[in-house]
Amino acid sequence: MAAPVLTSQADDFPKWYQDVIAKAELAENGPVRGTMVIRPTGYAIWERVQRELDDRIKACDVDNAYFPLFIPQSFLTKEAEHVEGFSPELAVVTHGGGEQLAEPVVVRPTSETVINHFFSKWVQSYRDLPLLINQWANVVRWELRPRLFLRSSEFLWQEGHTCHADGADARAFALRILDEVYEATIRDVLAIPVLTGRKSERERFPGAIATWTLEAMMGDGKALQMGTSHELGQNFARAFDTTFSTADGGTDYVWQTSWGATTRLIGALIMAHGDDAGLRLPPAVAPVQCVIVLVRDEDGAGAAADALAGELRAAGVRVRIDTRVDVSFGRRSVEWELKGIPVRIEVGPRDLKEGNVTVVRRDAGTKDSVAVTAAAAAVSTSLTDAQAALLAQAGERMRARTTSVSTLDEAVEAAATGFAELPAKLTDDAGEDFLNGKSVTIRCLRRTDGERPRPEDPAEDLVATVARSY
RNA sequence: CGGGAAGUAGCGCAGCUUGGUUAGCGCGCAGCGUUCGGGACGCUGAGGCCGGGGGUUCAAAUCCCCCCUUCCCGACCA
């Protein structure tokens, strides 16, 4: 089974992905290059991802809010590194209301600046802290080489922005989001294992003092960054004068974090679990967990299918029933397989005569004849097993294709097929240049003792994971 | 912007080297019929400024020149 690979137009990709999931629109008389249309099947997956992330974000006491799409250009320039990092990829609006604007506005590439504009008004006292805000929004980054889902010029995401009274608190919160929101969702819902660690200086977010990342391995051994959490220190607070009165009567700048996860996760899901027969959705994220395919509406099969659907719904399974008996059975089977529905139940008069239905698992391709009375139980077992099996497969792939090496040359060789781990002291400026020259990048840095690396940690204590990436 | 490749029906392609009836094929789409427990089949049909402009020629999808667009590799990146 080949691992699907997403390209900018999804053309040398199995055709069904653009029919079923999404399409990158690139026509000269059509939408802007690199933007994408997400079809209902793909969007339903995003809605599930949103819900799972949102629940966990709220569990960290973060509230949702909304800030403007347009940002005055001058806001971006207030933080030196930030403007330098984003300038080339900004979409700038120069006209509005039929007239040239006195000051151009940019379409937000991320919202640190506008949000800090408001934070500086909202925060007065240490009693206002921590201030924990999240926004669900779209952002625009004018990408030179867009790639369906992975790097589209417009994408959907959530961006969290927080203010804290001290650096340690901010740091702890950035890591809490990394673990309790991102890693938990990606592992437990998307069934994709990740490596978490710190980005190298070169890969750090513009304006941050530290960038934390989650790196996953796709079916072809390349790395994909699944999400990010930044410690911003006091950089934006200084630029926007976001200060507060401390408990002892002094004044200080707030310490901040920002963190985000995007529609890229849909792409990750496709590339981590998909195969030649289409998508394979982990049950936890599947908009439809079980489809009941009515083979033929004869001898009470229709009623049996309805009854089973009711039973499954009552058991909390997201179930859909396919009664399109005028469409051939094979066609319908393939359609649900392409969409990655984890479990399919075939209900028809032939099996029903024996009191049975057929339960098919998408992840393993297994087909079992099960008594109608035991079908609901078989479905819930299958959903649990499929969720675990997909995570185990992805985990096994990552283990099998990760190699520990001790030289840069060996790292490049290992990166041809997967991840390479090597002592971080080899990845100094010259080492990173060498790797980058071979299309290999430092994905993350971790401590050899498993603890979180701190900025002041010497390279001797760190291990670098390097790989080719999307 | 540097290096490669490609633009012909909604999608995927052939035809071009060696100009020559009305530009083909597969999928998809529409109609009718037979099918229907793994992408069914037959018949009929609709659908083309052959990327654009200029040139050569009796004649250009095909040869020449210019332009445009897109894709892949690199710089950027959730």
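First residue of the first sequence? That's 45 in our numbering, and the numbers climb one at a time after it.
Just so it is clear, CB atoms sit at the ideal spot from N, CA and C, and this is done for glycine as well.
Computed from a predicted model, the values in this text were never measured in an experiment.
The secondary-structure analysis by DSSP pairs Lys397 with nothing; it has no beta-bridge partner. In the three-state DSSP reduction, Glu187 falls in the coil class, being neither helix nor strand. For the pair Tyr297 and Thr154, the Cα-to-Cα distance works out to about 21 Å. Taking a C-beta distance under 9 Å as the contact criterion, Arg375 and Pro331 do not qualify as a contact pair.
Check the Cα spacing between Lys102 and each of Phe111, Gln202, Leu145 and Arg171: the tightest is with Gln202. Under the Cβ criterion (8 Å, minimum of three pairs), the region 397 to 407 counts as touching the region 427 to 442. Under the three-state reduction of DSSP output, Leu466 falls in the strand class. Assignment of alpha helix (DSSP H) within the region 258 to 300, counting only whole runs of 4 or more residues, yields 279 to 284 in chain order. Here the C-alpha atom of Leu234 lies approximately 10 Å from the C-alpha atom of Ile89. The region 321 to 339 makes contact with the region 354 to 372, as at least three CB pairs between them are under 8 Å. In this chain, the beta strand (DSSP E) harbouring Lys411 covers Lys411 to Ala415. Residue pairing from DSSP places His139 in a beta bridge opposite Gln144. CA-to-CA, the gap between Ala455 and Leu268 works out to about 18 Å. Counting the other CB atoms within 10 Å of its CB gives Thr138 a total below 16, which places it among the exposed residues. About 6 Å separates the CB atoms of Leu489 and Ala468; that is less than 8 Å, so the two are in contact. Between Thr229 and Pro237, the alpha-carbon positions lie close to 10 Å from each other. A straight line joining the alpha-carbon of Ile221 with that of Asp98 spans about 12 Å. In chain order, Gln168, Ser169, Tyr170 and Thr295 place their CB closer than 8 Å to the CB of Ser289, counting only its own chain and leaving out the 5 sequence neighbours on each side. By the criterion of a C-beta distance shorter than 8 Å, Phe162 is surrounded in its chain by Phe111, once the five residues flanking it on both sides are discounted. Taking a contact as a CB-CB distance under 8 Å, the pair Val76 and Ser196 does not count as one, their CB atoms being some 10 Å apart.
Secondary structure of Thr402 (DSSP, three-state): strand.
Note that the region 117 to 135 touches the region 242 to 256; at least 3 beta-carbon pairs, one per stretch, sit closer than 8 Å. The Cβ atoms of Ala459 and Ala511 sit closer than 9 Å to each other. Rounded to whole angstroms, the separation of the alpha carbons of Gly360 and Thr471 is 50 Å. Taking Gly129 as reference, the option from Arg92, Glu247, Gly211 and Tyr87 with the minimal CA-CA separation is Glu247. If you draw a straight line from the Cα of Gly311 to the Cα of His205, it comes to about 25 Å. Sequence-distant Cβ neighbours of Asp505 in its own chain, meaning closer than 7 Å and more than five residues away, are Arg491 and Thr492.
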